[in-house]
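Residue numbers (my numbering), protein chains in the order written: chain A, 20 to 137; chain B, 20 to 137.
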DNA sequence: TTAAAATGATACGGGTCCGTAACGAACTGG
DNA sequence: CCAGTTCGTTACGGACCCGTATCATTTTAA
């Protein structure tokens, strides 16, 4: 596991990956949406609105709205917690998994090209 | 120069860096703004509105507005091209350089921690 | 000199997002 | 039971961004 980025490489990776995301036809996710999406897909459940808001350091309506829009894109799902029906559990979707997989591929490809393209 | 990210590492890097940017007090840049900013700071001048629009695959008003808001944040500057006064040249600022430097540090630190934190 | 082309900015109508405040629903403890 | 707490959501006014269409300015070329 060799992950050593110098300053120039880090910036180029950040730039190249963002450029590819912008050029894609898919609508860009905001930094907040990206963080929420990857939290849900990388960290073990359960994921609640309150928990996500605390983790990101934002208010709860921010999470609610992000879940609204990402739900419209079919990237995440909401379900009531049967144990405590006040809670909402954020769940993964098939489409969201594919989206995250494509994002990982993009980052990996751009990282690999750093070696040859600089 | 060893840059080898596997899928899990790429996603964790993307997540961790975005999380730190969201938690920062500074306002988040959109993907388009990030791409414009890093293009200006990584690639050799001159940078014009038309050129940036073509590179990103967006319309010119998108670039104009992004330059408006990033100019308000003192991240970039606009200047008329004396050679061809129709053109606007996008220029770097001291504050923008610091911002880009901090971004690079964040990405580098998060990349370095991938080794120990997984 | 003048019509055409090119550049960036602006107006417009519509959408999304922001934080604060208030709300209903669900749980908790006395 | 029932007041108090904890959830997530919604309402609101304001800010920003979107793409299309149009504009003024400048350059080019006939």
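For every residue, glycine included, the Cβ atom is placed at its ideal position computed from N, Cα and C.
Computed from a predicted structure; not experimentally measured.
Inset, instruction - Return helix, strand or coil for residue 104 of chain A, following the three-state DSSP convention. - result: DSSP places residue 104 of chain A in coil when its eight states are reduced to three.
Inset, instruction - Check distances from the C-beta atoms of the region 74–88 of chain B to those of chain A and list, in chain order, the residues that come in under 8 Å. - result: Across the region 74–88 of chain B, CB contacts with chain A closer than 8 Å involve 74, 75, 76, 77, in sequence order along the chain.
Legend entry - Spatial distance of residue 127 of chain A from residue 28 of chain B (CA atoms): Computed Cα separation, rounded: 9 Å.
Inset, instruction - Could you tell me if residue 20 of chain B is buried or exposed, where buried requires 16 or more neighbouring beta carbons within 10 angstroms of its beta carbon? - result: With a pLDDT of 46 at residue 20 of chain B, under the threshold of 50, the modelled position of that residue is not reliable, and no figure is offered here.
Inset, instruction - Please confirm if residue 14 of chain B has its CB atom under 8 Å from at least one CB of chain A. - result: One cannot answer for residue 14 of chain B here, as it falls past the ends of chain B, which runs 20 to 137.
Inset, instruction - Quickly, what does DSSP pair residue 95 of chain B with across the bridge? List them, please. - result: DSSP lists B:111 as partners of residue 95 of chain B.
Legend entry - Residue range of the unbroken alpha helix (DSSP H) whose run includes residue 76 of chain A: Run containing residue 76 of chain A: none; DSSP gives neither H nor E here.
Inset, instruction - Could you tell me if residue 52 of chain B is buried or exposed, where buried requires 16 or more neighbouring beta carbons within 10 angstroms of its beta carbon? - result: It is buried - the Cβ of residue 52 of chain B has at least 16 other Cβ atoms within 10 Å.
Inset, instruction - Give a yes or no on whether the C-beta atoms belonging to residue 47 of chain B and residue 72 of chain A are separated by under 8 Å. - result: Between residue 47 of chain B and residue 72 of chain A, the C-beta spacing is not below 8 Å.
Inset, instruction - For residue 119 of chain A, go through chain B and note every residue whose CB falls closer than 9 Å to its CB, in chain order. - result: Neighbours of residue 119 of chain A on chain B, chain order: 30.
Legend entry - Whole-angstrom distance between residue 98 of chain B and residue 108 of chain A, CA atom to CA atom: Spanning the alpha carbons of residue 108 of chain A and residue 98 of chain B requires a straight line of approximately 50 Å.
Legend entry - Simplified DSSP assignment, three categories, for residue 54 of chain A: Collapsing the DSSP output to three states places residue 54 of chain A in a helix.
Inset, instruction - Quick one: which residues of the region 45–69 of chain A get their C-beta closer than 7 Å to a C-beta of chain B? List them in chain order. - result: If the cut-off is 7 Å between Cβ atoms, the region 45–69 of chain A has 47, 49, 50, 51, 53, 54, 57, 58, 61 near chain B.
Legend entry - Simplified DSSP state of residue 116 of chain B, which is helix, strand or coil: DSSP places residue 116 of chain B within a helical segment (H, G or I) once states are collapsed to three.
Inset, instruction - Starting from residue 24 of chain B, trace the alpha helix (DSSP H) both ways and give me its first and last residue. - result: Unbroken run through residue 24 of chain B: none, as it is neither H nor E.
Inset, instruction - Label residue 121 of chain B either buried or exposed according to how many other C-beta atoms from any shown protein chain fall within 10 Å of its C-beta, with 16 as the threshold for buried. - result: Label assigned to residue 121 of chain B: exposed.
Legend entry - CB contact below 8 Å: residue 112 of chain A versus chain B: Residue 112 of chain A does not count as touching chain B.
Inset, instruction - Answer yes or no: does any C-beta atom of chain B fall closer than 8 Å to that of residue 109 of chain A? - result: Look at residue 109 of chain A: its C-beta is not under 8 Å from any C-beta on chain B.
Legend entry - Same chain only: Cβ atoms within 8 Å of residue 39 of chain A, ignoring 5 sequence neighbours per side: Result list for residue 39 of chain A: 125, 129, in chain order.
Inset, instruction - Answer yes or no: do residue 56 of chain A and residue 119 of chain A have a C-beta to C-beta separation smaller than 8 Å? - result: Yes.
Inset, instruction - Just confirm the distance between the C-beta atoms of residue 34 of chain A and residue 54 of chain B, as a whole number of angstroms; I'd bet it's less than 8 Å. - result: The C-beta distance from residue 34 of chain A to residue 54 of chain B rounds to 7 Å, short enough to meet the 8 Å contact threshold.
Legend entry - Between the CA atoms of residue 86 of chain B and residue 65 of chain B - distance to the nearest angstrom: In this structure, the alpha-carbon of residue 65 of chain B lies about 15 Å from that of residue 86 of chain B.
Inset, instruction - Determine the DSSP secondary structure at residue 88 of chain A, reduced to helix, strand or coil. - result: In the three-state reduction of the DSSP assignment, residue 88 of chain A falls in the helix class, which pools H, G and I.
Inset, instruction - Out of B:24, B:76, B:41, state which residue places its alpha-carbon closest to the alpha-carbon of residue 43 of chain A. - result: Looking at B:24, B:76, B:41, the one whose alpha-carbon comes closest to that of residue 43 of chain A is B:76.
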